[in-house]
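Residues 1 to 336 (the working numbering) make up the sequence shown, in order. We treat Cβ as the ideally placed atom computed from N, Cα and C, and that holds for glycine. From a predicted model like this one, the values you see are computed outputs, not experimental measurements.
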Amino acid sequence: NVGSIPRSMVIVLEDDLVDRCKPGDDVVVVGVVSRRWKPFIKEVRPEIDMVLMANHVKVSNEDKSSFLLSEELTKQFESFWQTNQHQPLRARDHIVRSFCPQLCGLYKVKLALMLALIGGVPRTDVSGSRTRGESHCLIIGDPGLGKSQLLKYCAKVSQRAVHTTGIGTTSAGLTVTAQRDSGGEWVLEAGALVLADGGVCCIDEFDCIRQQDRTSLHEAMEQQTISVAKAGLVCKLNTRCTVIAATNPKGKFDAEESVSVNTSLPAPLLSRFDLVLLLLDSQSEEWDRQVSDHVLTGGLNAIRAPLPPPPSCPPDHTHLNGEDTTSKTGFGGCDG
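Given below as structure tokens:
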């Protein structure tokens with residue numbers, strides 16, 4: 001919750017439980033709550049710390065993507081698709097229209113983010129090399145077009161998500177950092193990408209990340225692992241997550257220049273993103289009127305409206321909600 005301080009508790013692993021898990025793992029620990037003295041420091045009053053003496057540790061990384069559906073929710077899904085079994089595209093448009101309803105339009109962007117959240121299937125060939133199944137998405141747009149709202153909604157609907165901003169973010173905050181514990185031993189603290197393993201990592205203000213810190217994302221986004229060699233600790237951590245980032249162009253977007261020039265992002269980092277969406281402010285009076293009406297009604301009309309009639313246009317055009325969105329399509333995205 002906003003304003004709450006993350007709480008933590010020391011868990012002691014002994015004997016055969018040592019090195020049973022690594023930073024970023026989802027674990028189920030069974031143990032006995034006990035008390036122990038904190039490390040004694042000269043001229044400092046000794047204190048007692050609450051610890052958990054573990055006697056069993058279960059690593060449940062494979063269960064992090066599982067989602068238990070209630071019987072009532074399953075019947076709602078079956079009834080919805082059975083009703084629209086002959087018109088699947090209209091049903092898709094209704095779902096897209098219900099995604100982040102506080103934003104007006106941007107149906108292609110919402111559809112792309114939904115597909116990125118659903119993800120794909122990883123593949124491992126005969127030689128053992130793994131091809132990732134997660135899609136990375138980058139949103140480039142002018143200020144005030146709702147990029148942060150889209151990222152927050154993606155983090156809200158995802159079962160496992162980490163939301164961070166690029167301002168003040170370092171490579172250690174994104175990957176992993178090494179620090180000393182109360183006993184003086186070096187331990188690893190997982191960063192945003194490691195904590196989002198099996199879920200979604202939303203990075204806002206992506207252009208504010210320093211250049212030397214962006215290089216740590218190359219291995220994490222493509223190989224989906226992080227090689228750590230800090231303070232004598234050498235290991236490899238998994239970062240099998242979908243990265244959804246948002247950034248502002250450098251000044252006014254120039255369609256004649258490449259995306260790398262407009263955003264000051266290096267080409268190797270841009271190549272890690274499978275989908276790059278561009279949002280431009282068209283400065284249209286008609287579109288501003290539609291957005292203002294949508295804001296005043298609270299976006300309720302977009303959800304309560306019935307399914308649109310099937311479009312009567314050639315099938316090679318892209319339609320969402322019965323509206324021709326090709327006229328709003330910019331350079332790889334949609335205009336605001």
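Its chain contains Pro23, Gly24, Val176 and Leu237 as the residues whose beta carbon lies nearer than 8 Å to that of alanine 190, once the 5 sequence neighbours on both sides are disregarded; these appear in chain order. In the structure shown, glycine 198 adopts coil according to DSSP, grouped into three states. Counting along the chain, leucine 279 sits inside the beta strand (DSSP E) bounded by residues 275-280. Our two residues, methionine 221 and valine 121, have alpha carbons roughly 16 Å apart in a direct line. The stretch 287-298 and the stretch 148-163 do not touch, with fewer than three beta-carbon pairs separated by less than 8 Å.
Judged by DSSP secondary structure, methionine 114 falls within the alpha helix (DSSP H) whose first and last residues are 107-118.
Between the alpha carbons of lysine 230 and proline 143 lies a gap of roughly 38 Å.
For the set Asp197, Ala192 and Gly198, the Cα lying nearest the Cα of aspartate 204 is the one of Ala192. Counting C-beta pairs closer than 8 Å gives fewer than three between the stretch 178-188 and the stretch 147-154, which falls short of the contact rule. With respect to aspartate 197, threonine 131 sits apart: the two C-beta atoms are not nearer than 8 Å.
The residues Val57, in chain order, have a CB closer than 6 Å to that of arginine 20 in the same chain once the five nearest residues on each side in sequence are set aside. Taking the Cβ atoms as the reference, proline 249 lies roughly 6 Å from isoleucine 140, within the contact range of under 8 Å. Serine 70 has its alpha-carbon roughly 34 Å from the corresponding atom of threonine 165. According to the DSSP assignment, isoleucine 95 belongs to the alpha helix (DSSP H) that extends over 88-97.
Lysine 252 and asparagine 262 have their alpha carbons spaced roughly 8 Å apart. With a beta-carbon spacing of about 6 Å, leucine 145 and aspartate 281 fall inside the 8 Å limit used to define contacts. The beta carbon of tryptophan 81 is closer than 6 Å to none in its chain, skipping five residues each way along the sequence. In the three-state reduction of the DSSP assignment, aspartate 49 falls in the strand class. Residue pairing of arginine 180 in beta bridges, as defined by DSSP: Trp186.
Residue state for serine 34 is assigned as strand, using DSSP reduced to three classes.
According to the DSSP secondary-structure assignment, histidine 56 is paired through a beta bridge with Val30.
Per DSSP, histidine 136 is not a residue of any beta strand (DSSP E), being assigned neither H nor E. Taken through DSSP and simplified to helix, strand or coil, lysine 147 comes out as helix. In this structure, the CA atom of histidine 136 is about 7 Å from the CA atom of alanine 116.
In the structure shown, threonine 169 falls within a coil segment according to DSSP collapsed to helix, strand and coil. In terms of Cβ geometry, lysine 38 and aspartate 26 do not form a close pair [threshold 8 Å]. In the DSSP assignment, alanine 220 falls within the unbroken alpha helix (DSSP H) covering 217-222.
Straight-line measurement puts the Cα of leucine 265 at about 20 Å from the Cα of glutamine 224. Taken through DSSP and simplified to helix, strand or coil, threonine 263 comes out as helix.
If you check the CB distance, valine 18 and methionine 53 do not come in under 8 Å. Here valine 51 really is in contact with serine 34; their C-beta atoms are around 6 Å apart, less than 8 Å.
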